[in-house]
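If you're matching them up, the sequences are chains P and B in order. Take the first sequence: its letters are residues 34 to 186, numbered as in the working numbering. Take the second sequence: its letters are residues 1404 to 1862, numbered as in the working numbering. Down below is the structure, laid out as structure tokens.
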Amino acid sequence: MASSQKRITKELAEVLGNPPEGIAVNLVDEGNVHNWNIVMDGPEGSPYEGGKFKLLLVLPTDYPFKPPKISFKTRIWHPNVTFDEHGSMCIGILKPEAWKPSSKIMSVLTATQNLLAEPVPDDAVETSAAEKFKNDRPLFNREAREYTRKYAK
Amino acid sequence: MDTPSQPDSLLSRGSHLSDPSQAYTFHTDLDNLSGGTTETALGASISSIHKISTLNLRHTVDLRAITYGGTVDENLVCPICRCPFVDPVLTDCDHVFCRACIDDALSHGELCPVDRLPLSQATIARAPKMVFNQLDALKAKCPCCGNIFARAILENHLEKYCLEAMVRCPGSLSEQGCTQVVKRRLSTQQCLHYPAQCPDCYETLEQIEMESHRQTLCRDRTKLCDYCEVEILRCEEIEHKAECPDVLQICKWAQYGCQHESKRRDLYLHADDCHFKSIGPMAEMLKVEISSLRDDVRNLTETNQLQERRIKFLESGQRASDRPMDLMDLSLASMPEAASTDSLDSGHDYLLSLLETQQSRLSHLSAELSDFQGKNTMMLFNETLPIKNELAELRSTQQVTCMHVRWLMRFRMQENQRRFGVSPGLASTGGPDGGNGFGSDITLSRRLSDSSRDVITKL
Ligand SMILES: [Zn+2]
Ligand SMILES: [Zn+2]
Ligand SMILES: [Zn+2]
Ligand SMILES: [Zn+2]
Ligand SMILES: [Zn+2]
Ligand SMILES: [Zn+2]
Ligand SMILES: [Zn+2]
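As structure tokens, then:
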């Protein structure tokens, strides 16, 4: 077993044994620890509240030296997530130039949760969402809530 | 010892381990003997020779795959592999990693995996000894037997002691030169790598597999118990029968005559109905009693024999002492005579009688001694008594004399006063009254009587 697999197995056991509030994890395919299915509850008080968002966590073969990738399988109206079928998410700690091999998947998951509660418009990938978030918060919130009701129920 | 058997020669050779060249020849020697097995084709290091001289194999443990007992201190966990450090190194940014992990990390980029500070092999040093010590003390579970050991001794445990770890088959040391490995648990017998038939399914397999085959693999390994009809392993039938609840068992008072027999589970029902339920315990008690009485009897017989011997001796002593004999003459020399006159058959009896003579002599002597002591005390008392009396007499005489003298003195002084009246010479004895010494007769006379009394008391 490669060293990356050993570490991932350890981290999986850790997350399964003590899952963070509002996050459920299971493997896409039982024989492969590199792809994780994640279901994340929309944080309370955010326009995503009440929604259940499916995410895919992909751990590269040279994990932890290369960062994991997280994408939203459920459409979400959010400045830091592309509003398309890819649902690519941009988050600071997962950027190659900021990734630390010592970071744990658990902290990546909670960071994602925090990003839902508090978008970072300056680091946006979905610029129109970021614009609305910055200039017309009520409109952004209304749209985000609508999309949540539409896609994330 | 011209032609020692093979294991013997191996052992004796094994004792020359200190000489590397000899160790090397020993090594090739064994290669030939055991048919050039791959295990023996290790380097000629001391450890490998030790391994060959016994049946031990070298075990390398993957310290990242084993289970650790309890919770491991987070400070001892590598941030890269998330396991307790293996061969830890310290960076100059004060982070510790496994040697292998940091090598891996540096191959992806020369940055510290924790703080992304620049890092290179040159700035990495072995971690402090303390870290190693803490790691060595970690509780690790043996991957074979599951027992917990300090991590540092785990490999040694597997290599030399673990009953579930693999060792070379004992057949490797004998003529057959078996090249297989077996669990240490099974290595105490000879080679078990021979075909045998499973008594359950009649399949032929290696004897070494038999135990696990009969327990887990055999298709005919189970049967229904003849009595309780519970499914049991055939190889454990005997053990089961010993506790099967449906096996017929006899009453526990059977030896006293109870004919009852019932299933083990029902035997308790009989306990109340058994005709022997009151006799049984009694009989048991009596049995104990009888055996203790027997012991008593045996003890008494022994004492009796002793007493008899003593009597015999005393009788013989009596006969000997009929002749005129002083205490001092009852010497050792007289004893053989006594022994010969009487039938003191064995040497033991003789010694015993000898001892008894000595004892009686001793008691006689001590009686004499105390008698003498008593006499002595008496004599001393008799002699001191008259002296005491005399002393008391002298004391009383002296008192009488004292009284006489006092009376005489007083009488003399009164005489003197009457004869001379006031005497200035006598009055001058008074210190402060000296100036008006002639004042009165009464004072003077009192003073005189005072001083004379002083003189008398001094007497
Ligand atoms: Zn560092
Ligand atoms: Zn490591
Ligand atoms: Zn063990
Ligand atoms: Zn064998
Ligand atoms: Zn069988
Ligand atoms: Zn049974
Ligand atoms: Zn009975």
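Where is the CB? At the ideal position from N, CA and C, for every residue including glycine. Predicted model only: the values in this text are computed from it and were never measured.
Going by the DSSP bridge assignment, what does B/T1607 pair with across the sheet? To locate residue 1607 of chain B, count along the second sequence from 1; it is residue 204. Beta-bridge pairing links B/T1607 to B/Q1600.
Taking 7 Å as the line, does the beta carbon of B/H1616 fall inside it for any heavy atom of ligand 5? Position 213 of the second sequence holds residue 1616 of chain B. Within the cutoff, so yes.
Could you check whether the Cβ of B/C1647 sits closer than 7 Å to any heavy atom belonging to ligand 6? Within the second sequence, numbered from 1, the residue matching residue 1647 of chain B stands at position 244. Answer for B/C1647: yes, Cβ within range of ligand 6.
For a test of the three-state rule: what should DSSP assign to P/V48, helix, strand or coil? Indexing the first sequence from 1 puts residue 48 of chain P at position 15. Three-state DSSP puts P/V48 in a helix.
With DSSP run on the structure shown, which of helix, strand or coil describes B/L1765? For the purposes of this step, residue 1765 of chain B is identified with residue 362 of the second sequence, where counting begins at 1. Helix.
At a CB-CB cut-off below 7 Å, which residues of chain B make contact with P/K102? Against the first sequence, residue 102 of chain P aligns to sequence position 69. Within 7 Å of the CB of P/K102, no CB atom of chain B is found; the nearest one sits about 16 Å away.
Taking P/E159 as the reference, give the member of P/V114, P/E179, P/F173, P/S79 with the closest Cα. Here residue 159 of chain P corresponds to residue number 126 of the first sequence, with the count starting at 1. Cα-wise, what sits closest to P/E159 is P/V114.
Among P/P101, P/I109, P/T143, P/G125, whose alpha-carbon lies nearest the alpha-carbon of P/K183? As a first step, residue 183 of chain P must be located in the first sequence, where it is residue number 150. When each option's Cα is compared against that of P/K183, the closest is P/I109.
Return yes when at least one heavy atom of ligand 5 lies under 7 Å from the C-beta of P/E54, else no. For the purposes of this step, residue 54 of chain P is taken as residue 21 along the first sequence, with counting starting at 1. No; taking the cut-off as 7 Å, the Cβ of P/E54 has no heavy atom of ligand 5 nearer than that.
Taking all protein chains shown into account, do 16 or more other C-beta atoms lie within 10 angstroms of the C-beta of P/F166, making it buried, or fewer, making it exposed? Locating residue 166 of chain P in the first sequence gives position 133, where the first residue counts as 1. Counting Cβ neighbours within 10 Å, P/F166 comes out buried, since at least 16 surround it.
Near P/S36, what residues of its chain come up, given a Cβ to Cβ distance below 7 Å and the 5 sequence neighbours on each side ignored? The residue labelled residue 36 of chain P in the question sits at position 3 within the first sequence. Closer than 7 Å at the Cβ level, and outside the excluded window around P/S36, lies no residue.
Give the single residue among B/T1619, B/R1622, B/C1638 whose Cα lies nearest to the Cα of B/C1628. By one-based count along the second sequence, residue 1628 of chain B stands at place 225. Cα-wise, what sits closest to B/C1628 is B/C1638.
Over what stretch of residues does the alpha helix (DSSP H) that includes P/F173 continue unbroken? Translated into the one-based positions of the first sequence, residue 173 of chain P becomes position 140. Looking at the DSSP string, the run of the alpha helix (DSSP H) that includes P/F173 is 170-184.
Can you pull out the residues from the stretch 1487-1505 of chain B whose beta carbon lies closer than 7 Å to at least one beta carbon of chain P? Taking 7 Å as the upper bound on Cβ-Cβ separation, chain P lies near no residue of the stretch 1487-1505 of chain B.
Coarse secondary structure for B/H1498, derived from DSSP in three states: Here residue 1498 of chain B refers to the residue found at position 95 when the second sequence is read from its first residue. In this structure, B/H1498 counts as coil in the three-state DSSP scheme.
Taking the alpha helix (DSSP H) that P/T143 belongs to, which residues open and close that run? For the purposes of this step, residue 143 of chain P is identified with residue 110 of the first sequence, where counting begins at 1. For P/T143, the enclosing alpha helix (DSSP H) begins and ends at 138-150.
Partner residues on chain P for B/R1485, Cβ-Cβ distance less than 9 Å: Here residue 1485 of chain B is taken as the residue at index 82 of the second sequence, counted from 1. Going along chain P in sequence order, the residues near B/R1485 (Cβ under 9 Å) are K39, R40, K43, E44, E47, P97, K137.
Is it buried or exposed for B/G1828, if we count other Cβ within 10 angstroms and need 16 for buried? Sequence index remark: in the second sequence, residue 1828 of chain B carries index 425 (1-based). With a pLDDT of 47 at B/G1828, under the threshold of 50, the predicted position of this residue should be treated as unreliable, though the coordinate-derived value follows. B/G1828 is exposed by the Cβ-count criterion.
DSSP state of B/I1653 mapped onto helix, strand, coil: Here residue 1653 of chain B refers to the residue found at position 250 of the second sequence. B/I1653: strand per DSSP, three-state reduction.
Taking 8 Å as the threshold (C-beta atoms), are B/R1554 and B/A1543 in contact? Residue mapping note: residue 1543 of chain B aligns to position 140 of the second sequence, counting from 1. Residue mapping note: residue 1554 of chain B aligns to position 151 of the second sequence, counting from 1. With respect to B/R1554, B/A1543 sits close: the two C-beta atoms are nearer than 8 Å.
Do P/L45 and P/V66 come within 8 Å of each other at the CB atom, strictly closer than that value? Taking the first residue of the first sequence as 1, we reach residue 66 of chain P at position 33. Taking the first residue of the first sequence as 1, we reach residue 45 of chain P at position 12. In this structure, P/V66 places its C-beta atom within 8 Å of the C-beta atom of P/L45.
Can you give me, in chain order, the residues of the stretch 114-134 of chain P that have a beta carbon less than 7 Å from any beta carbon in chain B? Listed by position, the residues of the stretch 114-134 of chain P near chain B (Cβ gap below 7 Å) are K133, P134.
Whole-Å CB distance - P/S79 paired with P/L149, under 8 Å assumed: Residue numbering aside, residue 79 of chain P sits at position 46 when the first sequence is read from its first letter. Residue numbering aside, residue 149 of chain P sits at position 116 when the first sequence is read from its first letter. About 6 Å separates the two Cβ atoms, so the contact holds.
Among B/C1572, B/L1566, B/Y1471, the one whose alpha carbon lies nearest that of B/F1552: Translated into positions along the second sequence, residue 1552 of chain B becomes position 149. Distances from the CA of B/F1552 to each of B/C1572, B/L1566, B/Y1471 were compared; the closest alpha carbon is that of B/Y1471.
What does a CB cutoff of less than 7 Å around B/E1634 pick up in its chain, not counting 5 residues either side in sequence? Locating residue 1634 of chain B in the second sequence gives position 231, where the first residue counts as 1. Closer than 7 Å at Cβ, skipping near neighbours: T1625, L1627.
With a threshold of 7 Å, establish whether the CB of B/N1550 neighbours any heavy atom of ligand 3. Within the second sequence, numbered from 1, the residue matching residue 1550 of chain B stands at position 147. Within the cutoff, so yes.
Can you tell me whether P/W132 is buried or exposed, with buried defined as 16 or more other CB within 10 angstroms of its CB? Along the first sequence, read from residue 1 onward, the residue named residue 132 of chain P stands at position 99. Buried is the call here.
Rounded to whole angstroms, what's the CA-CA distance from B/A1736 to B/E1793? Just pull it up for me. Counting from one through the second sequence, the residue named residue 1736 of chain B turns up at place 333. Counting from one through the second sequence, the residue named residue 1793 of chain B turns up at place 390. Low local confidence applies: a pLDDT of 48 at B/A1736 is under 50, so the model's placement there is unreliable, with the coordinate-based value given in what follows. About 55 Å.
Can you list the residues of chain P that B/A1508 reaches, using a CB-CB cut of under 8 Å? Numbered from 1 along the second sequence, position 105 holds the residue referred to as residue 1508 of chain B. Residues of chain P passing the Cβ test: F98, P134.
How many angstroms separate the CA atom of P/P53 from the CA atom of P/Y96? Residue 53 of chain P sits at position 20 when you count from the first residue of the first sequence. Residue 96 of chain P sits at position 63 when you count from the first residue of the first sequence. P/P53 and P/Y96: Cα-Cα distance of roughly 22 Å.
At the level of alpha carbons, what is the spacing between B/Y1753 and B/S1695? Working through the second sequence from its first residue, we reach residue 1753 of chain B at position 350. Working through the second sequence from its first residue, we reach residue 1695 of chain B at position 292. When rounded, the distance between both Cα atoms is 33 Å.
Would you list, in chain order, the members of the stretch 1527-1554 of chain B that have their beta-carbon closer than 7 Å to a beta-carbon of chain P? Against chain P - using a Cβ distance shorter than 7 Å - the stretch 1527-1554 of chain B contributes no residues.
Taking only heavy atoms of ligand 1 into account, decide whether any of them is closer than 7 Å to the Cβ of B/D1518. Along the second sequence, one-based indexing puts residue 1518 of chain B at 115. Yes, since a heavy atom of ligand 1 falls inside the 7 Å radius drawn around the Cβ of B/D1518.
Could you check if B/V1913 belongs to the surroundings of ligand 6, using beta carbon to heavy atom distance under 7 Å? Residue 1913 of chain B cannot be examined here, being either before or after the span of chain B that is shown, 1404 to 1862.
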